[in-house]
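I have placed the structure first, in the form of structure tokens, so that the comments after it can refer back to it.
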Amino acid sequence: MERRFLTRYAWLSIAAALATIVLKGAAYLLTGSVGLLSDALESLVNLAGATLALTMLNLAAAPPDEEHAYGHSKAEYFSSGVEGALILLAAVSIAAFAIERLLNPQPLELIGLGLAVSVIATLINLFVARALLRVAAHHNSITLEADAQHLMTDVWTSVGVLAAVGLVALTSWQILDPIIALLVAANITWAGFRITRKSALGLLDTALPPEELARLKEKLARYETQGIQFHALRTRQSGARRFVSMHVLVPGEWTVQKGHRLLEKIEAEIRAALENVTVFTHLESLQDKASFEDQSLDREKK
């Protein structure tokens, strides 16, 4: 499936990051709010993440070659993993700024104008994040999903910062600004952890999600009622690509042709049930004891 068109959404994310960096930086300069500064710093991370996403989406869309016979789809996991690490780095930077301001509070200025500029930046992020989430869900792109989740985190933290700056304007409690910035850092840390964990699970060849496994086993159950058996069923994900392998046990008196036709039928049904899946099947005899000795990943040596 051609996926290079997904890069247009990475370009959209890059454009949004550049726009919000300018707007939030201006809001910080107008108000002096460390909360708004933390928001602007996170937009820098958004830019780095979106640029990396563009690179990895181009690589993931490259066709298989001699050194990468299964394609390059795992490149998306590197993008999401690095973006998760960048989010964690931003959280540390925000916390450092907030603690310094907590120890040395400063009054905020031009709050109304600063809030207006920041609201515009937040709305840009919200629009782009929702667009990326829809595309990521439809095309199973962990890179765009990570980028979208990061932008949504930015949206919610921006809402928190805006609320803090507004409360400072109403109450004159300057301490609220760095406190909210610390809460922003905590929220970003959790988002970075979730994104990094999902990326690591993908690199570790995690099995298909339960709902997809259920659809797969439902297809196989119909054949089991006809006396066909299955074992050594294994699944994994590699970016948007799914892989399924299994051994299919049939009566020993079947011809190779008859067994082959069954495997073709099973593979076709699995491809209809699961999008973008590669299926490997191995035909074995029900009457041969050796058929039951190779169910583990590494066959026992005799």
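Numbering-wise (my numbering), the sequence shown opens with residue 5 and increments by one. For every residue, glycine included, the Cβ atom is placed at its ideal position computed from N, Cα and C.
Look at the Cβ atom of residue i, then the Cβ atom of residue j, and state whether they are nearer than 8 Å.
| i | j | result |
| --- | --- | --- |
| G88 | A150 | yes |
| G256 | L290 | yes |
| A140 | L220 | no |
| T282 | I270 | no |
| L171 | W177 | yes |
| G243 | A54 | no |
| G206 | Y81 | yes |
| G24 | A102 | Here residue 24 is Thr; the residue named in the question, Gly, does not match the sequence. No, they are not a contact pair. |
| L56 | L148 | no |
| L51 | I18 | yes |
| E273 | K223 | yes |
| L212 | R246 | yes |
| A20 | V132 | yes |
| I91 | V49 | yes |
| L106 | P182 | yes |
Here's the rule: buried if 16 or more other CB atoms are within 10 angstroms of the residue's CB, otherwise exposed. What is residue i?
| i | result |
| --- | --- |
| A31 | buried |
| T175 | exposed |
| A73 | exposed |
| S47 | buried |
| D158 | buried |
| V121 | buried |
| S145 | buried |
| L127 | exposed |
| N129 | buried |
| L253 | buried |
| R265 | exposed |
| S300 | exposed |
| A225 | exposed |
| N108 | exposed |
| H154 | buried |
| P68 | exposed |
| I179 | exposed |
| V260 | exposed |
| A100 | exposed |
| K28 | buried |
Do we get a CB-CB distance below 8 Å when we pair residue i with the residues of chain C?
| i | result |
| --- | --- |
| K202 | Absence of chain C from the displayed structure is noted, only one protein chain being present. |
Given residue i, which residues of its chain have a CB within under 7 Å of its CB, disregarding the five upstream and five downstream residues?
| i | result |
| --- | --- |
| D209 | R240 |
| L267 | V252, T285, L287 |
| L58 | T11, A14, W15, I18 |
| A152 | A133, L136, L137, A140 |
| E104 | none |
| L22 | L51 |
Apart from the five residues just before and just after residue i, which ones in its own chain have a Cβ nearer than 8 Å to its Cβ?
| i | result |
| --- | --- |
| A167 | I184 |
| L114 | Bear in mind that a pLDDT of 49 at L114, under 50, signals an unreliable position, so the number given afterwards is only what the model happens to contain. Correct list, in chain order: L34, T35. |
| H235 | M250, H251, L253, F296, Q299 |
| D292 | G256 |
| V163 | T126 |
How far does the beta strand (DSSP E) with residue i in it extend, from its first residue to its last?
| i | result |
| --- | --- |
| H286 | 281 to 289 |
| H264 | Element bounds for H264: not the beta strand (DSSP E) but the alpha helix (DSSP H), 260 to 277. |
| T239 | 233 to 242 |
| L253 | 245 to 254 |
Go through its chain and collect everything with a Cβ distance to residue i's Cβ below 6 Å, but skip five positions before and after it.
| i | result |
| --- | --- |
| A66 | H76 |
| R238 | S249 |
| E288 | H251, L253, S295 |
| A79 | M60, L63, A64 |
| Q233 | L253 |
| A95 | A189, I192, T193 |
Determine the extent of the alpha helix (DSSP H) in which residue i is found, giving its start and end residues.
| i | result |
| --- | --- |
| L212 | Run containing L212: none; DSSP gives neither H nor E here. |
| S17 | 11 to 35 |
Is there contact between the region 202 to 219 and the region 78 to 97, where contact requires at least three CB pairs shorter than 8 Å?
yes
Stretch-stretch touch, CB-based, cutoff 8 Å, three pairs: the region 12 to 22 with the region 127 to 142:
yes
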